[in-house]
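Q:
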Amino acid sequence: VAREFIYEVKIPRTSQRRAHVALDTMRRPFVAGEEVEVYQTATGRWLPGLIGEKQRGSAATFGHQVRMLKHGVPDLLMKNLPGIHVRRRFHAGQGVEVYRIERGWVDAVVHSSFGGHFEDVP
Numbered sequence: 120v121a122r123e124f125i126y127e128v129k130i131p132r133t134s135q136r137r138a139h140v141a142l143d144t145m146r147r148p149f150v151a152g153e154e155v156e157v158y159q160t161a162t163g164r165w166l167p168g169l170i171g172e173k174q175r176g177s178a179a180t181f182g183h184q185v186r187m188l189k190h191g192v193p194d195l196l197m198k199n200l201p202g203i204h205v206r207r208r209f210h211a212g213q214g215v216e217v218y219r220i221e222r223g224w225v226d227a228v229v230h231s232s233f234g235g236h237f238e239d240v241p
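Residue numbers for the sequence shown follow my numbering, beginning at 120 and rising by one.
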């Protein structure tokens, strides 16, 4: 039986409180240079990128800056990307932590069937 956990959170910079926040809607802030994927709505694909050097303190509200990768090289800078279109990028074999309801946070490894292949920026 799956259990749902709901939290009350405090936003660090503004001290605003949010009630009834589900665990799967929270993530730690991105850091400059972190590998991410950006959702391209026109094609329905996730494309590789890097979090830009200058993130606004309110990036979760006003959007993220991501330097897209073309042939593995930083290229076009995208600005004001909504958080729902940016996710962390994980490589096959990379160590991660996952939350298991019955055990809490546990170590895991990204499965090799993932492959780590991405489309280039068109």
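Positions of the beta carbon are idealized from the N, C-alpha and C atoms, including for glycine.
Thinking C-alpha only, which one of Pro131, Lys129, Arg146 is nearest isoleucine 203?
A: Just measuring C-alpha positions, the residue of Pro131, Lys129, Arg146 sitting nearest isoleucine 203 is Arg146.
Q: Identify whether glycine 202 lies in helix, strand or coil by the three-state DSSP scheme.
A: Here glycine 202 sits in helix by DSSP.
Q: For the beta strand (DSSP E) that arginine 186 lies in, which residues bound it at each end?
A: 183 to 189
Q: Could you tell me which of Phe181, His139, Lys129 sits nearest to proline 201, measuring between CA atoms?
A: Of all alpha-carbon atoms in Phe181, His139, Lys129, the one lying nearest the alpha-carbon of proline 201 is that of Phe181.
Q: Would you kindly report the start and end of the unbroken beta strand (DSSP E) that includes leucine 169?
A: 164 to 170
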